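Shown next, in structure tokens, is the structure this report addresses.
Number of protein chains: 2
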Amino acid sequence: MTENISLVEAFKQTKYQIAGNGKRDIQVLKEAFDQVDRQQESDIYGNGKIIEAFQEKMATYLGKESAVFFPSGTMAQQIALRIWCDEKGVKKVAYHPLSHLEIHEEDGLKELHYIETILLGEEAGLIELEDVQNLEEEIACLLLELPQREIGGKLPDYQTIVKISEYCKEKGIRLHLDGARLFEILPYYQKSAAEIGSLFDSVYISFYKGIGGLAGAILAGGKEFTQQSKVWKRRHGGDLISLYPYIISADYYFDKRISKMEQYYEDAIELAALFNSCPSIQTKPAVPVSNMFHVHIAWPKEQLEAVLEEIYYKTGIGLTSYLRQTNQSSVSFEVSVGDQYNSIPRDKLREVFQLLQVKLK
Amino acid sequence: MTENISLVEAFKQTKYQIAGNGKRDIQVLKEAFDQVDRQQESDIYGNGKIIEAFQEKMATYLGKESAVFFPSGTMAQQIALRIWCDEKGVKKVAYHPLSHLEIHEEDGLKELHYIETILLGEEAGLIELEDVQNLEEEIACLLLELPQREIGGKLPDYQTIVKISEYCKEKGIRLHLDGARLFEILPYYQKSAAEIGSLFDSVYISFYKGIGGLAGAILAGGKEFTQQSKVWKRRHGGDLISLYPYIISADYYFDKRISKMEQYYEDAIELAALFNSCPSIQTKPAVPVSNMFHVHIAWPKEQLEAVLEEIYYKTGIGLTSYLRQTNQSSVSFEVSVGDQYNSIPRDKLREVFQLLQVKLK
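Going down the list, the protein sequences come from chains F and R. Just so you know, the first sequence maps onto residues 35 to 395 in our numbering. Just so you know, the second sequence maps onto residues 35 to 395 in our numbering.
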């Protein structure tokens, strides 16, 4: 994906943006630290009140025995899979063809852990119970990503997860949750994180998606599992002397936004409907099941960029900073609803979509 | 090493401490960020002004083509060795028996990178040219740690490094510098970081030792090398969306303390002499060659703890928060001189060592 500088520029100059929680600037850190006592002691190599208290809070939230804070999900998830592979003595796992591990991590799982992967299910779909049942090779662990981000954030129905979980337990396959956006799907399922967590042997969550923190992740599971994950965290170079910049901000924004997930979800449904009211536009999913969806527009990239720039300058509302070309005459972009959507005046929002309806005709 | 709670407590209550740059508390972050504009944009996955400008500054400082910021030295150094091993197709490296990689990283190099290691030289000594010349097996890379931290911070004479460097170049062995304390040795050698850096193919430096930042490291070398290191950084889970909490503090404390290294070095010589004036005490090295040294005291651990506690409460000066037992009747601890030493009133300092002289008789 090559960036279009003038679209980025036009987007940056908008007063309102439909997605996200705001700019990723130093203010994000400063706001989280404004209330923190200067004398509070740092965590030291995984120990200390700051890190231990937050780990405990997240373990409870996820209904797990124990939790470990990691600098990144990439690190946390590779480690989870490695532990389950070593446990079984089988260096093979299965996940969706568009899993983060498959397409965004430079093959760390293979290059560092020598773990083989089986890609389960269709790219455009979800992993189904039958896919798991039809596995011909033995695997140590199955990774499910909820929601499946790269296809717009689709979700299986809850009973499918329950059945996959039961099947895996029966077959001695560990089930790991890529819950980078777990908070964001709770309103759809009307389940607690602990209820969903109970279906998995290990759970990873992230603090800079819906939560809007700086970075950082939690890996949760049984005590023996998390104890091993600390050893691997050190091996990966993730056992930093001080992780508190991420922990304090994760904790702060968790408290600030965790109760807003229902609102983001409802806003996403409304916003997707607005997009779907325009010619040539389809969202995936058609009706979002979390705060996220993908917008597909059947227009050539360069022509649409010109249209969007004009709309941004005219209305002061930014819809996206980029367009990803899906084929010669079609593009897409991702929307994750956060705090910003609700700050847009309703008449401005109506204006931008009326304009879009006219321009895309 | 088991912590003695009452010694830790007595140490915490002292007004002055002889070593370090002060408490590792939130103030360290806040001071670095107080002057930073709230609107400044975050780095994003290794890109952006904040990270690129600092990498360039450090590349120039180290006299290298290019530099990459890492969350930790553990990650940076394993990656450096992996790159050199892959280049040569030989998965073997050599380093000192007390290298950080050998004793503090849970064997990450072996468990993640499947790299074999040859331990070169005696535990209590340094790697000499002859050790390298006598290597019987082919290695891809030799790692030198300057100063050799675990033996109190010893240094080879400069010509030894030059000769090892020449020999390695001749034999096609890559030379990597573990420069966790590189800043701290420049006054002894009276060389610039770039002069020392020119003897090595790759250099790692750290920002939370003498510099006193939060965490973080730089890995520097040729462009092709650092480019590859970015791919490995992602694989390790170190390519965080935002690393700026570490970068901004590293930059801030680098500017604040880089010119003080000569002072720390001179202070360390003075302080070591004070310790050596006491019965039963010997520092290693006897005369420091950087800001650090180890203090060895021929006393049983528990008895000495009681003595130290008494001295701390009486004088308000803390010498160490821990004692490491080296044998039944001897202990040691590490001293790294920083800003704090010079804030101690001279008469208080005299008092504490006079007291120590009396008590250790």
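No residue lacks a Cβ here, since even glycine has one placed at the ideal position from N, Cα and C. Since this is a predicted model, take the numbers as computed values, not measurements.
Within-8 Å CB hit, residue i to chain R
{"i": "Ala-249/F", "result": "yes"}
{"i": "Met-326/F", "result": "no"}
{"i": "Glu-140/F", "result": "yes"}
{"i": "Ser-263/F", "result": "no"}
{"i": "Val-70/F", "result": "yes"}
{"i": "Ser-76/F", "result": "yes"}
{"i": "Phe-67/F", "result": "yes"}
{"i": "Gln-112/F", "result": "yes"}
{"i": "Met-109/F", "result": "yes"}
{"i": "Asp-59/F", "result": "yes"}
{"i": "Ile-275/F", "result": "yes"}
{"i": "Leu-146/F", "result": "yes"}
{"i": "Tyr-242/F", "result": "yes"}
Beta-carbon proximity list for residue i, same chain, < 7 Å, skipping 5 on both sides
{"i": "Glu-157/R", "result": "Pro-131, Leu-132"}
{"i": "Glu-343/F", "result": "Ser-40, Leu-41, Ala-44"}
{"i": "Val-321/R", "result": "Ile-303, Ala-306"}
{"i": "Lys-98/R", "result": "Gly-231, Val-237, Ala-254, Gly-255"}
{"i": "Gln-111/R", "result": "Leu-135, Asp-212, Tyr-238"}
{"i": "Arg-358/R", "result": "Met-35, Val-365, Ser-366, Phe-367"}
{"i": "Gly-82/F", "result": "Glu-75, Ser-76"}
{"i": "Ser-314/R", "result": "Ile-331, Ala-332, Trp-333, Leu-394"}
{"i": "Tyr-148/F", "result": "Lys-125"}
{"i": "Tyr-79/R", "result": "Asp-273, Ile-275"}
Beta-carbon proximity list for residue i, same chain, < 6 Å, skipping 5 on both sides
{"i": "Gly-186/R", "result": "Lys-318, Pro-319, Phe-327, His-328"}
{"i": "Ser-364/F", "result": "Ala-332"}
{"i": "Ala-101/R", "result": "Gln-89, Met-92, Ala-93, Ile-252, Ala-254"}
{"i": "Ile-113/R", "result": "Ser-263, Trp-266"}
{"i": "Met-109/F", "result": "His-270, Gly-272"}
{"i": "Thr-260/F", "result": "Ser-100, Val-102"}
{"i": "Gly-247/F", "result": "Phe-241, Ser-283, Ala-284, Tyr-287"}
{"i": "Phe-387/F", "result": "Leu-308"}
Same chain only: Cβ atoms within 8 Å of residue i, ignoring 5 sequence neighbours per side
{"i": "Arg-208/R", "result": "Trp-118, Glu-121, Lys-122, Ala-174, Cys-175, Leu-176, Cys-202, Asp-235, Ser-236"}
{"i": "Asp-169/R", "result": "The sequence shown places Leu at residue 169/R, rather than the Asp named in the question. Excluding sequence neighbours, Leu-169/R sits near Ala-128, Ile-152, Leu-154."}
{"i": "Met-295/R", "result": "Phe-217, Glu-218, Leu-220, Pro-221, Gly-244, Asn-325"}
Beta carbon proximity, residue i to chain F, threshold 8 Å
{"i": "Leu-63/R", "result": "yes"}
{"i": "Gln-73/R", "result": "yes"}
{"i": "Ser-236/R", "result": "no"}
{"i": "Leu-177/R", "result": "no"}
{"i": "Glu-106/R", "result": "First, the amino acid is wrong: residue 106/R is Ser here, not Glu. Answer yes: the Cβ-Cβ gap between Ser-106/R and chain F drops below 8 Å somewhere."}
{"i": "Pro-279/R", "result": "yes"}
Under the three-state DSSP convention, the category residue i falls into
{"i": "Val-162/R", "result": "For clarity, residue 162/R is Glu in the given sequence; the question names Val instead. Three-state result, Glu-162/R: coil."}
{"i": "Val-62/F", "result": "helix"}
{"i": "Val-396/F", "result": "With chain F running from 35 to 395 in the structure shown, residue 396/F is simply not present."}
{"i": "Tyr-148/R", "result": "coil"}
{"i": "Leu-180/R", "result": "coil"}
{"i": "Lys-49/F", "result": "coil"}
{"i": "Lys-294/F", "result": "helix"}
{"i": "Phe-271/F", "result": "Here residue 271/F turns out to be Gly, not Phe, going by the sequence shown. Coil, per DSSP."}
{"i": "Leu-143/F", "result": "helix"}
{"i": "Leu-153/F", "result": "strand"}
Closer than 8 Å to chain C by CB, residue i
{"i": "His-270/F", "result": "Of the chains in the structure shown, none is chain C; the protein chains are F and R."}
Touching or not, the stretch 369 to 378 of chain F and the stretch 322 to 341 of chain F, by the rule of three or more beta carbon pairs under 8 Å? yes
Is there contact between the stretch 291 to 311 of chain R and the stretch 272 to 283 of chain R, where contact requires at least three CB pairs shorter than 8 Å? Contact between the stretch 291 to 311 of chain R and the stretch 272 to 283 of chain R is absent, with fewer than three C-beta pairs closer than 8 Å.
Specify whether the stretch 240 to 250 of chain R and the stretch 153 to 167 of chain R touch according to this definition: at least 3 beta carbon pairs, one from each stretch, less than 8 Å apart. no
Below 8 Å, how does it come out for the stretch 131 to 145 of chain F and the stretch 81 to 92 of chain F: are there three or more Cβ pairs, yes or no? no
Entirely within the stretch 313 to 382 of chain R and at least 4 residues each: give me those alpha helix (DSSP H) ranges in chain order. 335 to 349
Does the stretch 189 to 202 of chain R come close enough to the stretch 219 to 234 of chain R that 3 or more CB-CB pairs lie under 8 Å? yes
Length at least 3, wholly inside the stretch 197 to 268 of chain R: the beta strand (DSSP E) runs in chain order: 208 to 213, 236 to 240, 251 to 255
Beta strand (DSSP E) runs wholly inside the stretch 74 to 139 of chain R, at least 3 long, in chain order: 100 to 104, 126 to 129
Does the stretch 62 to 70 of chain F come close enough to the stretch 45 to 54 of chain F to have 3 or more Cβ pairs within less than 8 Å? No, because fewer than three Cβ pairs between the stretch 62 to 70 of chain F and the stretch 45 to 54 of chain F fall closer than 8 Å, the two stretches do not touch.
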